[in-house]
Each structure stands twice: as C-alpha cells, then as structure tokens.
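Every number in the numbering used here is 20 more than the matching position in the sequence shown, counting from 1. Notes for the one structure printed next.
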Amino acid sequence: MKLPPFALHVPRTLDEALALRAALGSDAKVLAGGQSLLPMMRYRMLRPYALIDITRVVSLTRLDTTPVVRIGAAVTHADVERCTQAGVLFDLLRAHAADIAFLPVRGRGTVVGSLVHADPAGDWPLLLTALDATVELGSLRGRRAVALRDFIRGAMDSDVQVDEIALAATLPERASGLLRWGRCKLMHRAGEFASASALALQGADGRWACWLGAIDPGPLALPATAARLPAAGGALPARRDIAASALDEILAARPHIDPLAASRHAQAMARAVEQAWQGVTA
Numbered sequence: 021m022k023l024p025p026f027a028l029h030v031p032r033t034l035d036e037a038l039a040l041r042a043a044l045g046s047d048a049k050v051l052a053g054g055q056s057l058l059p060m061m062r063y064r065m066l067r068p069y070a071l072i073d074i075t076r077v078v079s080l081t082r083l084d085t086t087p088v089v090r091i092g093a094a095v096t097h098a099d100v101e102r103c104t105q106a107g108v109l110f111d112l113l114r115a116h117a118a119d120i121a122f123l124p125v126r127g128r129g130t131v132v133g134s135l136v137h138a139d140p141a142g143d144w145p146l147l148l149t150a151l152d153a154t155v156e157l158g159s160l161r162g163r164r165a166v167a168l169r170d171f172i173r174g175a176m177d178s179d180v181q182v183d184e185i186a187l188a189a190t191l192p193e194r195a196s197g198l199l200r201w202g203r204c205k206l207m208h209r210a211g212e213f214a215s216a217s218a219l220a221l222q223g224a225d226g227r228w229a230c231w232l233g234a235i236d237p238g239p240l241a242l243p244a245t246a247a248r249l250p251a252a253g254g255a256l257p258a259r260r261d262i263a264a265s266a267l268d269e270i271l272a273a274r275p276h277i278d279p280l281a282a283s284r285h286a287q288a289m290a291r292a293v294e295q296a297w298q299g300v301t302a
C-alpha cells in the first residue's frame, strides 16, 4: 500500500526540529528510521499530516562511548553493530544489535525509536532497561531525563509529550563495569520478533540481573532468580532449578500468561544464565 499524503520537514538543527515539533503538535510524527512508523502509515494505522525527519540533525546521529555511552536518536541498529569500542559492554551491544532482523532493517531502524515505540517484542527495551538506561527528551520548554523503566509505561505507550522529541538514550557509568552477559532470543523463524527473550548480566560488584523481554506489557525483572546465582567462585545452580525459579517469578508477576509461553520464557532465562556463566559472548 502507498503512504497517505503528508508534508515532510527536514530540519538541519536541533532548535529547528524542536520548533517544528512545537508548531505542528499532534498533527506530526518524528521520523528517524521509520522502521515501525512507515508500515503503520501504509496500513492507515497512523495518518499524520506531517513528518519531521531528524536524520540531518548532526547531534542526533552521534554514538558517544566515553565517558558514558550515549546513543543519539538517529543512531541505527547497524551503527551500534559497527561500533569498534573495546569492552564487555560493547561486545554485548554489538551482539544485541546484530541479532535484530536483517541488515536492511538494522540499517534503517533506530535504537531510540525502538524505545519510543515500546513494542514489548522489541529488542532494545529489554537490554537498555536491564542496563538502567535513561531517555533524554527535549522541547522548547527545556530538557528532561526519564529512567527507561518509567519511560515505557506499557505496551506501545511511552512518556513522550506532544511537543517533545526523544533525543538520546544514555547508560550509567557503572554499565561499563559489566563482567559477563548472556542472552537468549527464541524466534519461530530467523529475523522475526522474539517469542521469548532473556538477558543475564553480572555487574562489577558480582551481583546478577535477570530480565525477560517479549512479554506484555514490558520488560520483566526476575530478582529472586538473580539472587540464586553465585557472585564468584560458587557453583551455578542446575538449569532446571534456574528455570523453575524463573517460572515461579513469571507466574507470580504475570498470572494470566499462557503456561506454555511462561515455560518458554523460563527456559530462555536458564539458557541466558548458562551462556553468561560459560563466558560466551556471541
């Protein structure tokens, strides 16, 4: 299907982009990659009268790696995949980006756009929530920062006001101290959205974080499962015990979830923990 008619605005500076956002209000949508927006327009799920293309705003195309990781609103999945910065954290970011759909999609879709879209099956809400990221928003009224776990209010619902543009996602400095990670993404076919997704992280203090994605209404932490994992030098619980702990937490947090889906998520969590423990980084 063809796109419905719309006016296209291509600002060159952030001030110009924010002025357009304020002037056009709810009649406009911000276009970065368009990975989700354009298909929704084709199917008439959205019919904005104007699009504000922010890809020419240089400050929004930057991926800063020091002193903290800051991902600009126009940074694509492929940009992250190509990042050459060394370190465990960047190994994780590259692997996560490389596992998203196919190269043409990764070359168009943006990290911050995925957060704003807030699809529970999206890849970046899981990882960046687990890493305690913050979303930076701007308008003519000023700027504000919102923790990602508060920014995503539910499925397809994020905290962006009508005159705001999401400018960047920033990781806390402690994220650079990541010791090990494991991830498991289950799909029916390669390139599709995950049917279950799990992430296990061990920080510099030895503590673990266990998170699930591809689950309504958004990323789910499993603190009790994480607490069972050894900081250092101990023995890893058996896979069945990790899965059982994860399943108990899933059913407690999402009592109406399909039992088979809950089991699939629990098994994904156990695999992610084992991968992290074994030091697998791809």
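For each residue, glycine too, the CB sits at the ideal point set by N, CA and C.
Nearest-angstrom Cα distance between residue i and residue j?
i	j	result
P237	R274	9 angstroms
L80	G54	15 angstroms
A288	A296	12 angstroms
I185	A272	36 angstroms
T86	V100	14 angstroms
P68	D47	5 angstroms
H29	R102	29 angstroms
T154	L187	11 angstroms
D35	Q181	17 angstroms
V300	G202	The pLDDT assigned to V300 is 48, lower than 50, so where the model puts this residue is not dependable; a value taken from the coordinates is nonetheless given after this. So the alpha carbons of these two residues sit roughly 7 angstroms apart.
A255	A247	13 angstroms
T130	I235	21 angstroms
T292	L40	At residue 292 the sequence reads Ala, which differs from the Thr that was named. Straight-line Cα distance between these residues: approximately 44 angstroms.
V136	I172	8 angstroms
R90	L157	13 angstroms
R200	A229	11 angstroms
G142	G233	8 angstroms
L71	A252	51 angstroms
A302	L109	Because A302 sits at a pLDDT of 37, beneath the cut-off of 50, its placement in the model cannot be relied upon, and the point is left open.
G107	Y63	42 angstroms
P279	A258	22 angstroms
G121	R209	Here the sequence assigns Ala to residue 121, which means Gly is not the residue at that position. The straight-line gap from Cα to Cα measures roughly 10 angstroms.
T33	L267	49 angstroms
R260	L51	45 angstroms
H276	V88	39 angstroms
D177	A138	6 angstroms
M207	R128	21 angstroms
Assuming residue i is part of the beta strand (DSSP E), what are its boundary residues?
i	result
D73	70-73
L28	27-29
T346	The structure shown does not extend to residue 346, since the chain is modelled only from 21 through 302, so no value can be given for it.
A106	Counting along the chain, A106 falls outside any beta strand (DSSP E), and DSSP gives it neither H nor E.
I91	90-92
Taking the continuous alpha helix (DSSP H) assigned at residue i, which residues delimit it?
i	result
I277	Where I277 is concerned, there is no enclosing alpha helix (DSSP H), given that its DSSP letter is neither H nor E.
L44	34-44
Q173	In the sequence on display, residue 173 carries Arg and not Gln. From DSSP, R173 is part of no alpha helix (DSSP H) but of the beta strand (DSSP E) over 172-174.
R62	57-62
A48	No alpha helix (DSSP H) holds A48; the beta strand (DSSP E) holding it covers 48-51.
D243	Strictly speaking, residue 243 in this sequence is Pro, with Asp absent from that position. P243 -> alpha helix (DSSP H) spans 243-247.
D99	97-101
Spell out the partners DSSP gives residue i in its beta bridges.
i	result
G308	Residue 308 lies beyond the stretch modelled for the chain, which goes from 21 to 302, so this question has no answer here.
K205	S217
L123	Beta-bridge pairing links L123 to no other residue.
C230	A220
T81	Bridge partners of T81: none, in fact.
S178	I172
A167	T154
How about residue i and residue j: are their beta carbons less than 8 angstroms apart?
i	j	result
A175	P140	yes
V323	L113	Residue coverage of the chain in this structure runs from 21 to 302, which leaves residue 323 outside it and unanswerable.
P25	I74	no
K205	A195	no
L242	G223	no
T149	R164	no
L146	W231	yes
L191	L151	yes
A220	R284	no
R76	A98	no
L44	L57	no
M61	L23	yes
* Continuous alpha helix (DSSP H) assignments of at least 4 residues falling wholly in the segment 122-154 -> 123-126, 131-137, 144-150
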